[in-house]
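Read through the structure below, which is laid out as structure tokens, and then see the notes.
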Amino acid sequence: MDPLPPLTKGAHATHCRRCLMGLPGSQVDIDPSKLALAFYCLGSLDLTGQFSIESTKTSDVELWRQWVWAQQTQGPRGTGFRPGNYMTADRGELPNLYSEGSDNPPHVIVTYTALLSLAILRDEFAQLDRPGIIKFLQACQNEDGSFSSEPYGGDADLRTTYCAFAISSMLDDWSGVRVENALNFIETCRTYEGGYGQAPFAEASGGPTYCALASIFLASKSDRLTDGERKQTIRWLVQNQVPSGGYRGRTNKDADACYCFWCGASLSILGAGQLTCELSLSKFIASCQFKFGGISKAPNEHPDPYHTYLSLAAVALCPPPNAGVGHNWKLQSLDPLLNANEATSRWARKHIPI
Amino acid sequence: MDHPLFADRPEWVDVVPLQQYEGVTPLAPIFYTPAYKDATNYFRGIVKTGEKSARVLDLTENIIRQNPAHYSAWQYRYKTLMALGAPLDVELQLMDELAVKYLKTYQVWHHRRLLVQQTERPGPELEFIANALQIDTKNYHTWSYRQWILAHFNDDTVWSRELQFVESMLDNDVRNNSAWHHRFFVVFQSGVRKGDEARDEVVRRELTFVKAKIAIAPNNASAWNYLRGVLDHSKTPYSNLEVFVAPYSLPHSAQEDATPEDVIDLENLLPSPGAQLPCVAAIEFMADIYESREDPMKATELWKSLAHEYDTMRNKYWEYRIKEAILNVR
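Below you can see the structure in the form of structure tokens.
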């Protein structure tokens, strides 16, 4: 068998630092989710140990914090974070306010990534409008228990549910969500295969399955899963590890590096993380490494911060035996429920609540 | 871009373009092209004044073609269409082109959903989706949209040809899990169709269907998951399928002598001579039957063969099944 190649942590960190500096015009589709991209970059630096407040220039940390805080916006439906400035005009309006029916409101998924980004930057959260965030979550929850990504509509699927739960958990305040109602929505997304679909009636897929399980466990409601359901989900998840070593997101699809996290972390949450074949998983991720840094979804594709971060998160949860030769596959330990470095997750839980 | 910049168009001279605000040094700034900067400057200007006119449709289409993920351009376009009372069939025609071009963009489908809620004409949609699925047969957005159309309009007409549609998708690719999932949704998850009132009969029909598909391609995880789904849903014991599954769990050398042609059991088709046997999913299924009969010894034997011979990558899973079974006996 071929030996496991090294995990080129330094190069991945460089890829992420480069993205934080700027992106080419061809990546304009990142604009509506810019803050999420920043989180994947900062998270990659955090997991590889290439980022610490001590080793990073104070001016950088300060500028990055300022930019994230500049996205916090307040208005009639509560407070949250915007993805970036792409809809903010530079004259005639107060940039951090939105009005009723605004075309530039805060976004639930972005708010989750903003809180974690600030925790990576070890911010004290003095500027956080906690009651505003609670009000915002309340405004986003729909009658069927799902959450819209924005208070004036937008997509409502399990990603948003997960982010609303993760925000409540970090705040240590669940008054922003009707938990039972949301859990019922999650149940309607479960499929006969044992995974969860993105919305009711949709096909089981790794991402929504992670969102469903992490939400249930963040709310400490694991009793909502019967023993039979738990076993069926574990079965479906392990079936998704394919001969290349990677995980696929759906039955009979090809492996994709991001599902190494979504499926691997789902197993961890169910207490079955040890069932992943870690060595084959690491080999697959090694084969997705781009020679100039960054990790792509599959071998010979272009790398991006999303696949880089999720691959690193998967390795952090499921490192190869002895963490590879010379332990160079060792990363910071990961909190699978919040999807962050454990130290960052502890920081968030300590500083975000009042 | 072959279009002139909005800044150079006389008909836009009355609009004040607004630059993007960057109060503090931005993280991951995007180096916009001049055409994109120009269009979005005018868009911010339009949003500021609240104008909803025909030229806003041109502007938002221009932005969407440069960046189909531009959330606000889609949203504002929809509001403008509503305010103008614009003909939505024209908009849907444009969407037919854009959806195929940007199949993987969420916004394209969301916009379509909003439009169809206004037109209330699901028929052309089913046809459009069928075409889009020819291009990308497993596209998650496209399938979800189809499921939404069916569940939302939910009348006899929309359902009438659905089973036939799924069958054609499976005929093209028997391993298309999206099609298998859709079949489960159509048959079991979305109420009872006309003619399908006798549920036992429906379960029998589905079992016959999936068994025939397993005979064609025995190592097809989608079909095995469907089979399990039907059994779980109808609370049918797995052991009812033993006669069918057992031959697939054995190597060719262990198959009984070929049955004469005239007594082929159409309900329980045997694996073909060229099939790759034994089939991992069949061994797993047989082990589940033994476990349900409280025969952990026989089940363990099969799990061991999976762990050590037929499915070694998952050896830790099969060892875990053995441990769990022993715990349950105790």
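Protein sequences appear in the order of chains A and B.
The opening position of the first sequence corresponds to residue 795 in the numbering used here, with each subsequent residue numbered one higher.
The opening position of the second sequence corresponds to residue 320 in the numbering used here, with each subsequent residue numbered one higher.
Here a beta-carbon is modelled for each residue, glycine too, at the ideal position from N, C-alpha and C.
- GLY548(B) belongs to the set of residues whose beta carbon lies under 8 Å from a beta carbon in chain A.
- When the alpha-carbon of TYR1004(A) is set against those of TYR956(A), GLY1088(A), ARG859(A), the nearest one is in TYR956(A).
- An exposed status is given to PRO570(B), since fewer than 16 other beta-carbon atoms sit within 10 Å of its beta-carbon.
- If you draw a straight line from the Cα of SER1014(A) to the Cα of CYS810(A), it comes to about 34 Å.
- For PRO826(A), the nearest beta carbon of chain B is closer than 8 Å to its own beta carbon.
- Where PHE875(A) is concerned, the enclosing beta strand (DSSP E) starts and stops at 872-875.
- When the Cα atoms are used, VAL648(B) and GLU620(B) turn out to be separated by approximately 16 Å.
- Taking 8 Å as the CB threshold, ALA373(B) stays off the interface with chain A.
- When secondary structure is reduced to three states using DSSP, SER999(A) falls in the strand class.
- For GLY816(A), the nearest CB of chain B lies under 8 Å from its own CB, placing it at the interface with that chain.
- Within chain B, ASN496, ALA540, SER541, ASN544 have C-beta atoms less than 7 Å from the C-beta of THR1045(A), given in sequence order.
- Contact of THR882(A) with chain B by beta-carbon distance below 7 Å involves GLN339, TYR340.
- For a Cβ distance threshold of 8 Å, nothing in chain A lies close to PHE604(B): the least Cβ distance comes to about 12 Å.
- Cα atoms of GLY1022(A) and PRO889(A): separation of roughly 51 Å, rounded to the nearest angstrom.
- The C-beta of VAL409(B) comes no closer than 8 Å to any C-beta of chain A.
- When C-beta atoms of the stretch 976-992 of chain A are compared with those of the stretch 548-559 of chain B, three or more pairs fall below 8 Å, so the two segments count as touching.
- In this structure LEU801(A) does not touch TRP1056(A) by the C-beta definition: roughly 20 Å separates them, more than the 8 Å allowed.
- When DSSP states are grouped into helix, strand and coil, GLY947(A) belongs to the strand group.
- Any Cβ of chain B closer than 8 Å to the Cβ of THR985(A) would place that residue at the interface, and such an atom is present.
- At least one C-beta of chain A is nearer than 8 Å to the C-beta of ASN386(B).
- DSSP, reduced to helix, strand and coil, places ARG812(A) within a helical segment of the structure shown.
- In the DSSP assignment, THR867(A) falls within the beta strand (DSSP E) that extends over 866-869.
- At a Cβ-Cβ threshold of 8 Å, ARG871(A) and HIS901(A) do not count as neighbours.
- Nearest Cα to LYS457(B) within the set ARG480(B), ARG494(B), ALA405(B), PRO443(B): ARG494(B).
- For CYS1071(A), the closest Cβ of chain B is nearer than 8 Å.
- Cβ proximity to chain B below 8 Å picks out nothing from the stretch 930-943 of chain A.
- With its beta carbon at least 8 Å from every one in chain B, GLY1040(A) lies outside the interface.
- Sequence-ordered contacts of the stretch 455-486 of chain B with chain A read LYS457, TYR459, TRP462, SER463, GLN466, TRP467, ALA470 [C-beta pairs closer than 8 Å].
- Against MET632(B), the close residues of chain A are GLN1035, VAL1036, PRO1037, GLY1039, CYS1071, SER1074, in the order they occur along the chain (beta-carbon pairs closer than 9 Å).
- Residue burial annotation: PRO1115(A) is exposed, with fewer than 16 other C-beta atoms found within 10 angstroms of its C-beta.
- Between ILE602(B) and ILE824(A), the CB-CB gap reaches or exceeds 8 Å.
- With respect to the 8 Å criterion, ALA347(B) and GLN385(B) are not classified as neighbours on the basis of their beta carbons.
- The C-alpha of ARG1143(A) lies about 53 Å from the C-alpha of ARG523(B).
- Cβ contact annotation for ILE1063(A) (same chain, cutoff 7 Å, sequence separation greater than five): LEU1007, ALA1008, PHE1011, PRO1130, LEU1131, in chain order.
- Within the stretch 834-865 of chain A, contact with chain B at the beta-carbon level (separation under 8 Å) is assigned to CYS835, LEU857, TRP858, GLN860, TRP861, VAL862, ALA864.
- In the structure shown, ARG328(B) adopts coil according to DSSP, grouped into three states.
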